[in-house]
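Notes for the one structure printed next.
Chains as they are written, first to last, in this note's numbering: chain H, 9 to 293; chain S, -17 to 296.
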């Protein structure tokens, strides 16, 4: 209704926000070196300092520089968001395609599973999964990389559902079209059929669902880290920075401002991209 | 309709049974069991005592056998004792459930009302559409825990108008309401966006349809068209959001309860899972899942009653 510019405007703004955050995340080591601070090393003499030349956003309760921890946290959030979205998309694409292509009991089983997962409250179950011993699942434990892997895996367990539904609907509508049925009748192999005709039609819904999954994953990671189940300190993540800041709202309210602002910015960026892509798709079809 | 209920109820029962099994195994896969906690508390316990206690509590049995014992007990109406609180699990559950129902009931009613109103505003007054879109985006992007902290900083720390958290020890309804304001606002803002977006999209689409033009041609007023013709039709998809939120009514709001230190189901569920309290955790989880699945069924039935075309697809 808003004309062709609406979608592109959102897409551009969202991409600009995400690229800005990605650049900030990549710059983290240089900023740390330039300021001469270590994001994980406590400096108790400089704890809860206000903004200054040495610490542009001040320091937290252990005297660690908030700006550098924010930038390092951006790496975690973006890595988790993108990795979880990729994993969800891959599983969701496979499940949706399989359900639409195979039909019958495969379709029924996959979609009932999806319904079941969707009907359950995600957060308590995420907490339950996050509390499980990673070693019991054959995952390493302890390091920050292991934490990220664990969170990505947990988020993908719930994240594939939305992607699968969108992909299934798109694949079903393509498979029912005349040219695809004609190709099948002409003896085109199933593999070629899926590659040539179905795959291109799935690109649009997959990008929309994928960018929504990025937003969801960033929010979920920060929530788990806030509850102490995600990225473990001393590694910085926006969620665990907020968990510490909540204890200090009375003495250092400003420390709670930045990580939340960063989360909101990243999530809004990913959602704008999804909105823009969706609108662009509606206008082209 | 009867046939649909008869078809769905067994599916729901199977889902619940599988879910309880999965949850039981997941809790069992967490590090430590009740006896290891007892060992940490009492250094005098030797290997013999541990083996005896494991046998006494049935912990030497495989997980599957323990799940079966639990499930057959539940079918007889025995929910067992909570290990953390040393009281019957159902008795522990009740106060938390009441807290969550009050908190989420208020918040969701507020979110649905305001969200639908905002969505209608966006659909009926295009000038406002940008503002409503932006507000909806913001409310979905703000992490609930951060919003809660910001509200505490503003209204409890800086202005000192409202309590920062907890629940009132004494005092009447007015005192209890004061403690509710900030958590309810946090939750309502988070849930509002979905209602606003779906109402706006649904109304905008319906207002384009020929029968709305026909109603206009017959001389129906704009208010009547919006409220009597467009809104009920736009409300059909809203029912499924409402059904999912009904689950939240029972599962509580872990984040909001944590930030505002309020007793509730979210906190109880997490504590029970973390504390290896199988009976309590499973009772709470089953309650949540049953409510959500039944609410989804009710929403499907209501949608079919409102829109008979849906039933003819299959």
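Even for Gly, the Cβ is constructed at its ideal location relative to N, Cα and C. All of these numbers come straight from a predicted model, not from anything done at the bench.
At least three beta-carbon pairs within less than 8 angstroms, the region 114 to 133 of chain S to the region 240 to 256 of chain S: yes
Nearest to residue -9 of chain S by alpha carbon, out of S:283, S:289, S:287, S:290? Looking up residue -9 of chain S in the second chain gives position 9. Residue S:283 is the option with its Cα nearest to residue -9 of chain S.
Whole-angstrom distance between residue 262 of chain S and residue 74 of chain S, CA atom to CA atom: Counting from one through the second chain, the residue named residue 74 of chain S turns up at place 92. Counting from one through the second chain, the residue named residue 262 of chain S turns up at place 280. Taking the straight line joining both Cα atoms gives about 8 angstroms.
Residue interval of the alpha helix (DSSP H) (run including residue -17 of chain S): Counting from 1 along the second chain, the entry for residue -17 of chain S is found at position 1. Unbroken run through residue -17 of chain S: none, as it is neither H nor E.
Which word fits residue 199 of chain S, buried or exposed, when buried means at least 16 other C-beta atoms lie within 10 angstroms of its C-beta? The sequence position of residue 199 of chain S within the second chain is 217, counting from 1. Its Cβ having fewer than 16 others within 10 Å, residue 199 of chain S is exposed.
Would residue 275 of chain H pass as an interface residue toward chain S - the criterion being a Cβ-Cβ separation below 8 angstroms? The residue you call residue 275 of chain H lines up with position 267 of the first chain. Output row for residue 275 of chain H: interface = yes.
First and last residue of the uninterrupted alpha helix (DSSP H) at residue 187 of chain S: The residue labelled residue 187 of chain S in the question sits at position 205 within the second chain. Counting along the chain, the alpha helix (DSSP H) containing residue 187 of chain S begins and ends at 155 to 189.
Between residue 291 of chain H and chain S, is any beta-carbon pair separated by less than 8 angstroms? As a first step, residue 291 of chain H must be located in the first chain, where it is residue number 283. Not closer than 8 angstroms to any Cβ of chain S, the Cβ of residue 291 of chain H fails to qualify, so no.
When you check each C-beta in the region 231 to 242 of chain H against every C-beta of chain S, which residues fall closer than 8 angstroms? 231, 234, 235
From S:187, S:249, S:181, S:252, pick the residue whose C-alpha is nearest to that of residue 219 of chain S; which is it? Residue mapping note: residue 219 of chain S aligns to position 237 of the second chain, counting from 1. Cα-wise, what sits closest to residue 219 of chain S is S:181.
For residue 97 of chain H and residue 190 of chain S, the rounded distance between their alpha carbons: Within the second chain, numbered from 1, the residue matching residue 190 of chain S stands at position 208. Within the first chain, numbered from 1, the residue matching residue 97 of chain H stands at position 89. Between residue 190 of chain S and residue 97 of chain H, the C-alpha separation is close to 35 angstroms.
Below 8 angstroms on the Cβ atoms is my contact criterion, and I expect residue 41 of chain H with residue 122 of chain H to pass it. Report the Cβ-Cβ distance as a whole number of Å. For the purposes of this step, residue 41 of chain H is taken as residue 33 along the first chain, with counting starting at 1. For the purposes of this step, residue 122 of chain H is taken as residue 114 along the first chain, with counting starting at 1. So it is not a contact: roughly 47 angstroms between Cβ atoms.
With a threshold of 8 angstroms between beta carbons, is residue 279 of chain H in contact with chain S? Looking up residue 279 of chain H in the first chain gives position 271. Cβ-Cβ to chain S under 8 angstroms: yes for residue 279 of chain H.
Beta-bridge partners of residue 73 of chain H, as assigned by DSSP: Here residue 73 of chain H corresponds to residue number 65 of the first chain, with the count starting at 1. The partner list for residue 73 of chain H (beta bridge, DSSP) reads H:67.
Any Cβ of chain H within less than 8 angstroms of the Cβ of residue 5 of chain S? Stepping through the second chain from its first residue, residue 5 of chain S is reached at position 23. Judged by the 8 angstroms Cβ criterion, residue 5 of chain S is in contact with chain H.
For the alpha helix (DSSP H) that contains residue 97 of chain S, what are its first and last residues? The count along the second chain starts at 1 and reaches residue 97 of chain S at position 115. Residues 71 to 106.
Where do the ends of the alpha helix (DSSP H) carrying residue 254 of chain H lie? As a working note, residue 254 of chain H is residue 246 in the first chain. 246 to 255 is the extent of the alpha helix (DSSP H) around residue 254 of chain H.
Assuming the contact rule is C-beta atoms closer than 8 angstroms, residue 107 of chain H and residue 167 of chain H should be a hit. Round their C-beta distance to whole Å, please. Within the first chain, residue 107 of chain H is the residue found at index 99, counting from 1. Within the first chain, residue 167 of chain H is the residue found at index 159, counting from 1. 17 angstroms between Cβ atoms; not a contact.
Output, in sequence order along the chain, the residues in the region 192 to 217 of chain H whose CB is closer than 8 angstroms to any CB in chain S. none
With DSSP as the reference, label residue 64 of chain S as helix, strand or coil. Here residue 64 of chain S refers to the residue found at position 82 when the second chain is read from its first residue. The answer is strand: DSSP assigns residue 64 of chain S an E or B state.
May I have the straight-line CA-CA distance separating residue 175 of chain H from residue 207 of chain H, to the nearest angstrom? Numbered from 1 along the first chain, position 167 holds the residue referred to as residue 175 of chain H. Numbered from 1 along the first chain, position 199 holds the residue referred to as residue 207 of chain H. Answer to the nearest angstrom: the Cα atoms are 10 angstroms apart.
How many Å lie between residue 290 of chain H and residue 5 of chain S at the Cα? Locating residue 290 of chain H in the first chain gives position 282, where the first residue counts as 1. Locating residue 5 of chain S in the second chain gives position 23, where the first residue counts as 1. Going by the C-alpha atoms only, they are around 41 angstroms apart.
Secondary structure of residue 242 of chain S, DSSP reduced to three states: Position 260 of the second chain, counted from the start, is the residue given in the question as residue 242 of chain S. Here residue 242 of chain S sits in coil by DSSP.
Residue 22 of chain H at chain S interface by Cβ criterion, 8 angstroms: As a working mapping, residue 22 of chain H is identified with position 14 in the first chain. Chain S, which has no Cβ nearer than 8 angstroms to the Cβ of residue 22 of chain H, makes this no.
What are the start and end residues of the alpha helix (DSSP H) that includes residue 37 of chain H? Taking the first chain and counting its residues from 1, the one referred to as residue 37 of chain H is at position 29. Segment 36 to 43, the alpha helix (DSSP H) holding residue 37 of chain H.
Is it right to say residue 140 of chain S is buried, meaning 16 or more other beta carbons lie within 10 angstroms of its own, or is it exposed? For the purposes of this step, residue 140 of chain S is taken as the residue at position 158 of the second chain. Per the 10 Å Cβ criterion, exposed.
Beta-carbon separation of residue 281 of chain H and residue 23 of chain H under 8 angstroms? Here residue 281 of chain H refers to the residue found at position 273 when the first chain is read from its first residue. Here residue 23 of chain H refers to the residue found at position 15 when the first chain is read from its first residue. Yes, the pair counts as a contact, with Cβ atoms nearer than the cut-off.
Ends of the alpha helix (DSSP H) at residue 285 of chain S? Here the question's residue 285 of chain S lines up with position 303 in the second chain. That run of the alpha helix (DSSP H) goes 260 to 288.
Quick one: residues in its chain with C-beta nearer than 7 angstroms to the C-beta of residue 241 of chain H, no 5 flanking neighbours on either side, listed in chain order? Here residue 241 of chain H refers to the residue found at position 233 when the first chain is read from its first residue. Closer than 7 angstroms at Cβ, skipping near neighbours: 248.
Closest to residue 208 of chain S by C-alpha separation, out of S:192, S:273, S:224, S:185, would be which residue? What you label residue 208 of chain S is simply residue 226 of the second chain in a count that begins at 1. Ranking the options by Cα distance to residue 208 of chain S, first place goes to S:185.
Between residue 266 of chain S and the rest of its own chain, which residues show a CB-CB distance below 7 angstroms, the 5 nearest in sequence each way excluded? Position 284 of the second chain holds residue 266 of chain S. Contacts found: 75, 247, 250, 251, 254.
For residue 194 of chain S and residue 250 of chain H, the rounded distance between their alpha carbons: In the first chain, counting from the first residue as 1, residue 250 of chain H sits at position 242. In the second chain, counting from the first residue as 1, residue 194 of chain S sits at position 212. Computed Cα separation, rounded: 50 angstroms.
Less than 7 angstroms between C-beta atoms, sequence neighbours within five positions excluded: which residues of the same chain meet that for residue 296 of chain S? Taking the second chain and counting its residues from 1, the one referred to as residue 296 of chain S is at position 314. Only weak support exists for where residue 296 of chain S lies, its pLDDT of 41 falling under 50; the coordinates are left without a value.
If we call anything under 8 angstroms between Cβ atoms a contact, is residue 47 of chain H one with residue 83 of chain H? Within the first chain, residue 47 of chain H is the residue found at index 39, counting from 1. Within the first chain, residue 83 of chain H is the residue found at index 75, counting from 1. Result no, Cβ atoms of residue 47 of chain H and residue 83 of chain H do not sit closer than 8 angstroms.
For residue 248 of chain S, go through chain H and note every residue whose CB falls closer than 8 angstroms to its CB, in chain order. Translated into the one-based positions of the second chain, residue 248 of chain S becomes position 266. Under the 8 angstroms cutoff, chain H gives 131, 132.
Please determine, among S:31, S:2, S:32, S:188, the residue with the shortest C-alpha to C-alpha distance to residue 48 of chain S. Translated into the one-based positions of the second chain, residue 48 of chain S becomes position 66. Of the listed residues, the one whose Cα sits closest to residue 48 of chain S is S:2.
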